[in-house]
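With my numbering, you'll find the sequence shown wraps up at 986, consecutive numbering, no jumps.
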Amino acid sequence: MVGYEIVEPLWGHGYASEALVGLIEYLFSRPGVDVIQANTFESHVASRRVMEKAGMALVDTRTESVDGEDAVLVFYEIRRPAVT
Numbered sequence: 903m904v905g906y907e908i909v910e911p912l913w914g915h916g917y918a919s920e921a922l923v924g925l926i927e928y929l930f931s932r933p934g935v936d937v938i939q940a941n942t943f944e945s946h947v948a949s950r951r952v953m954e955k956a957g958m959a960l961v962d963t964r965t966e967s968v969d970g971e972d973a974v975l976v977f978y979e980i981r982r983p984a985v986t
C-alpha cells in the first residue's frame, strides 16, 4: 500500500503523477510483479486523475466500510506490458 500527500502550494505540478509512474516502472522491473492495483475514494478526483495519468485503468467501484463508515471506493489497475 502506498500513500502520499502533496502540500497545497505544489498541487497541479505533476509531482504525484511522476512519482507514481516511477513506482510503476520500478515495480514492473521486479520479477513476479504482473499487476499493480490501487484504490481511492470515488470523490477524490485528483487522486483518480493521478492514477489515470500513470496509465492505470478503472476496473471496479464498490461500497466498503472505511473506519466504520460506508464509503464508495474506486479500484484501478495496470498490467505488465506484454513482451513481443
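Note that the Cβ used here is the ideal one computed from N, Cα and C, for glycine as well.
- By the 16-neighbour rule on beta-carbons within 10 angstroms, residue 950 is buried.
- Closest option to residue 943, judged by alpha-carbon separation, among 963, 929, 936, 956: 963.
- The alpha-carbon of residue 906 is positioned some 12 Å away from that of residue 920.
- Per the Cβ contact rule, the region 914-934 is not in contact with the region 965-978 (fewer than 3 Cβ pairs under 8 Å).
- In its chain, beyond the 5 residues on either side, 979 have a beta carbon closer than 6 Å to the beta carbon of residue 939.
- In the DSSP assignment, residue 951 falls within the unbroken alpha helix (DSSP H) covering 947-955.
- Comparing C-alpha distances from residue 956 to each of 975, 981, 985, 922 shows the shortest one belongs to 922.
- Judged by DSSP in its simplified three-state form, residue 931 adopts coil rather than helix or strand.
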